[in-house]
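I have placed the structure first, in the form of structure tokens, so that the comments after it can refer back to it.
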Amino acid sequence: MRDNSLEYCLAALDNPVQLGAHLLPQVIAALTDVDVDLYDVQRSAWTNPLIHLRAVFDIHDLPETPTAFIPVPDVATTVSARASAVVCIAALNSDTISYGSENDGHLFVNLVVLPGDGDFADKSKSNMRGHTDGVSFPVRGQPHEFDQRVAPSPDFVCLSGLRNPNSTTTTVMPLSAVLQRLTSEEINELTKPQYILRPQKTFKRGLRKLFGKDSPLLEVMAGIQLLFETEDGYWIRYSHSASETDFDSELASQAITRFEQACQECSASVVIAPGDILLVNNRIGLHGRGVVGGEAGGDSRWLLRTYGLDTRKLRADQRYPDSSFKLYP
Ligand SMILES: [Fe+2]
Numbered sequence: 001m002r003d004n005s006l007e008y009c010l011a012a013l014d015n016p017v018q019l020g021a022h023l024l025p026q027v028i029a030a031l032t033d034v035d036v037d038l039y040d041v042q043r044s045a046w047t048n049p050l051i052h053l054r055a056v057f058d059i060h061d062l063p064e065t066p067t068a069f070i071p072v073p074d075v076a077t078t079v080s081a082r083a084s085a086v087v088c089i090a091a092l093n094s095d096t097i098s099y100g101s102e103n104d105g106h107l108f109v110n111l112v113v114l115p116g117d118g119d120f121a122d123k124s125k126s127n128m129r130g131h132t133d134g135v136s137f138p139v140r141g142q143p144h145e146f147d148q149r150v151a152p153s154p155d156f157v158c159l160s161g162l163r164n165p166n167s168t169t170t171t172v173m174p175l176s177a178v179l180q181r182l183t184s185e186e187i188n189e190l191t192k193p194q195y196i197l198r199p200q201k202t203f204k205r206g207l208r209k210l211f212g213k214d215s216p217l218l219e220v221m222a223g224i225q226l227l228f229e230t231e232d233g234y235w236i237r238y239s240h241s242a243s244e245t246d247f248d249s250e251l252a253s254q255a256i257t258r259f260e261q262a263c264q265e266c267s268a269s270v271v272i273a274p275g276d277i278l279l280v281n282n283r284i285g286l287h288g289r290g291v292v293g294g295e296a297g298g299d300s301r302w303l304l305r306t307y308g309l310d311t312r313k314l315r316a317d318q319r320y321p322d323s324s325f326k327l328y329p
């Protein structure tokens, strides 16, 4: 960034795959200097759902905290926060991506306290229980229930810290630890296609905007499998909406109750400080957060969020032809 104009650096963020490939050799060289093999980092990212990188980028010129998900203000600090996230995701063999159905497909969004007293505003201040992002989209390798174009949910959720005045915690629950607290019968229940899921609010708004209020993608999904056995252990898709149903089977509902309970018991807390990056593996971990509270704007809490996904097996029709990073829907 020292050698290039802000405009040049901003334009580079329009092609995150190219930017990641351009920056990655410097990261690999820096790792080699401290005797760390990138492969070991990648392996670690798939066994431990949380990588907390401290003081990754400098904070200089921040405006007031925005009061909406988009746009991210274009100043040097947010550019370095974004470029750092892109190269972190590239280092994990993933591409930085967005979905057209969330926040107009912006690659980075502000996670901030929202003004007013609507649903979104309330949610932006309150705590969040363990969930995975993009829960109504399939896990990678699985087809969507009825629309083959729907891209997989993200492999990684990447948070860059800009402000966190009250040291609000981000919580991560490692799936392996959660499952250790369940019986094999309960684990088996979670692998059956018998649960329901609702699309998350930010996606609902975008889906309505793109496809109208009658889109089947907006509906509650039934017959959903939450837990998947893969070559590398279990993967999860989960949100609290999975527990909002009456089950025929006692054990199906018991498995959810015990799973929620285990999530609370296995929750690790991280404070994302300004300049930090947190990478959460969205397959082998759930995430949530503590209460944010306070007022919108000013010096209130401000994170940037983006997603990472291994896109090697994506088909062309799961992308938008006019974007290098935006996925369907
Ligand atoms: Fe989330």
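Numbering of the sequence shown is given in my numbering, commencing with residue 1 and proceeding in unit increments.
Note that the Cβ used here is the ideal one computed from N, Cα and C, for glycine as well.
- [ ] May I ask whether a heavy atom of ligand 1 can be found less than 7 Å away from the beta carbon of H240?
- [x] no
Open item on the list: What would DSSP say about C158, mapped onto helix, strand or coil?
Closed with: strand
Open item on the list: Quick check on DSSP: helix, strand or coil for F203?
Closed with: helix
Task: Sufficient close CB pairs (3 or more, under 8 Å) joining the segment 228-240 to the segment 272-287 - done: yes
- [ ] State the start and end residues of the unbroken beta strand (DSSP E) segment that holds P174.
- [x] Taken as a continuous stretch (DSSP letters only), the beta strand (DSSP E) holding P174 covers 169-174.
TODO: Tell whether a beta-carbon distance below 8 Å holds between A177 and Y328.
DONE: no
Open item on the list: Can you tell me whether K326 is helix, strand or coil according to DSSP?
Closed with: strand
Open item on the list: So, at 6 Å on beta carbons, what are the nonlocal neighbours of A268 in its own chain, with the 5 sequence-adjacent residues on each side left out?
Closed with: V172
- [ ] Using only the heavy atoms of ligand 1, determine whether one of them is closer than 7 Å to the beta carbon of D155.
- [x] Every heavy atom of ligand 1 is 7 Å or more from the Cβ of D155, so no.
TODO: Note down the Cα distance separating S98 from A222, rounded to an integer number of angstroms.
DONE: Taking the straight line from one Cα to the other gives about 25 Å.
- [ ] Given a cut-off of 8 Å, decide if Q194 and A252 are closer than it, judged by their beta-carbon atoms.
- [x] yes
TODO: For the segment 82-96 and the segment 294-301, state whether three or more C-beta atom pairs, one from each stretch, are separated by less than 8 Å.
DONE: No, the segment 82-96 does not touch the segment 294-301.
- [ ] Look at S160 and T132 and say whether their C-beta atoms are less than 8 Å apart.
- [x] no
Open item on the list: Tell me the DSSP secondary structure of V109 in three-state form.
Closed with: Looking at V109 - three-state DSSP - the assignment turns out to be strand.
Open item on the list: For a test of your reading of the model: does the CB of D299 fall under 7 Å from any non-hydrogen atom of ligand 1? Yes or no.
Closed with: Checking the Cβ of D299 against ligand 1 gives no.
Open item on the list: My output table needs one value for Y238: the three-state DSSP class, helix, strand or coil.
Closed with: coil
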